[in-house]
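Here the structure is laid out as structure tokens; the discussion comes afterwards.
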Amino acid sequence: EVQLVESGGGLGQPGGSLRLSCAASGFIFSKYSMNWARQAPGKGLEWISYISSSGATKYYADSVKGRFTVSRDNAKNSLYLQMDSLRAVDTAIYFCANSGFDFWGQGTLVTVSS
Amino acid sequence: DIQLTQSPSSLSASVGDRVTITCRASQGISNSLAWLQQKPGKAPKSLIFGSSRLQSGVPSKFSGSGSGTDFTLTISSLQPEDFATYYCLQYNTYPFTFGPGTTVGIK
Chain A
33 EVQLVESGGG LGQPGGSLRL SCAASGFIFS KYSMNWARQA PGKGLEWISY ISSSGATKYY
93 ADSVKGRFTV SRDNAKNSLY LQMDSLRAVD TAIYFCANSG FDFWGQGTLV TVSS
Chain B
72 DIQLTQSPSS LSASVGDRVT ITCRASQGIS NSLAWLQQKP GKAPKSLIFG SSRLQSGVPS
132 KFSGSGSGTD FTLTISSLQP EDFATYYCLQ YNTYPFTFGP GTTVGIK
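Going line by line, the protein sequences match chains A and B. Quick note: the first sequence, position 57, residue 89 per my numbering, numbers continuous. Quick note: the second sequence, position 101, residue 172 per my numbering, numbers continuous.
This is how it looks when you write it as structure tokens:
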């Protein structure tokens, strides 16, 4: 059974940093590209980042470009999102999803507030 | 960036009704469109990919069609478990984009 489990959310300070993780199981993680998406409270979904299976290719939404960095460790079946220079508008539930958006994690809540 | 619009933004329907939701892209995306269902407090669930291909385990009451810029999701006979918000997603061009969502409520 495919499982994606996010962790690392919580309260972040404006201008501060948080690192999210996504633990994958039930499929050959190293063969699949992955995505991060988010959903602000009461709002719709927003795609924010993509990483290829090898980690060599990365894409970002303009809203996070230059502040967020996606990475992965295929040996640990894990996906990461380093979030720097946090802003209040980054407050959202963050989801990881596989390449085709077939499978999603349950999400982790990030709240940016002083 | 490719913009997706959905119509209607919300609708009220009865159990057994046939429901159609449309998604329009600001430029052609071939058939690189998915439909997702989201219930309150839950992660999105993929229903359809490639515009018309049903995800494994998704009931056949859901169907999708379209190519280029105009797409539709149809629920042939609405059931209580189908009341949710539905999003389209284009994955043809980065940045990927979601539609604003269509909330299907109970009449």
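Cβ coordinates follow ideal geometry from the N, Cα and C atoms, glycine included.
Helix, strand or coil, according to DSSP, for A/Val121 in the structure here? helix
Any residues in the stretch 91-104 of chain A with a beta carbon nearer than 8 Å to a beta carbon of chain B? Which ones, in chain order? Tyr91, Tyr92, Ala93, Asp94
Test: A/Leu77 CB closer than 9 Å to a CB of chain B: yes
Quick one: using the 10 Å Cβ neighbour count with 16 as the cut-off for buried, is B/Ser122 buried or exposed? buried
Can you confirm whether A/Tyr112, when its beta carbon is compared against all beta carbons of chain B, has any partner nearer than 9 Å? no
Starting from the C-beta of B/Ser136, find all residues in its chain whose C-beta is less than 8 Å away, skip the five residues before and the five after it, and write them out in chain order. Ser122, Ser123, Phe142, Thr143, Thr145
Can you grab the Cα-Cα spacing for the pair B/Lys132 / B/Lys116, in whole Å? 15 Å
Find out if the Cβ-Cβ distance for the pair A/Val102, A/Tyr112 is shorter than 9 Å. yes
What does DSSP give as the partner residues of A/Ala129 in its beta bridges? A/Asn67, A/Trp136
Spell out whether any CB of chain A is found under 9 Å from the CB atom of B/Leu125. no
Within a Cβ cutoff of 7 Å, which residues of the same chain sit near A/Ser57, ignoring the five residues on either side of it in sequence? Gln35, Asn109
Can you give the beta carbon distance from A/Arg99 to A/Pro46, rounded, assuming they're within the 8 Å contact cut? 12 Å between Cβ atoms; not a contact.
When burial is assigned at 16 or more other CB atoms within 10 Å of the CB, is A/Asp105 buried or exposed? exposed
Would you identify the three-state DSSP class for B/Ser103, choosing helix, strand or coil? coil
Compute the beta-carbon to beta-carbon distance between A/Asp116 and A/Ser49, rounded to the nearest angstrom, for a pair I have assumed lies under 8 Å. 5 Å
At the 9 Å Cβ level, is B/Ala155 part of the contact set with chain A, yes or no? no
Quick check on B/Ser148: buried or exposed, where buried means 16 or more other Cβ atoms within 10 Å of its Cβ? exposed
Can you list, in chain order, the residues of its chain whose CB lies under 7 Å from that of A/Trp136, leaving out five sequence neighbours each side? Leu36, Phe127, Ala129
Can you pull the chain B residues whose beta carbon is under 9 Å from the beta carbon of A/Phe59, in chain order? Correct list: empty, because the minimum Cβ distance to chain B is about 13 Å.
Who pairs with B/Gly137 in a beta bridge, going by DSSP? B/Phe142
C-beta atoms of A/Thr123 and A/Ser145 nearer than 9 Å: yes
Counting beta carbon pairs with one atom in the stretch 91-100 of chain B and one in the stretch 62-80 of chain A, are three or more of them shorter than 8 Å? no
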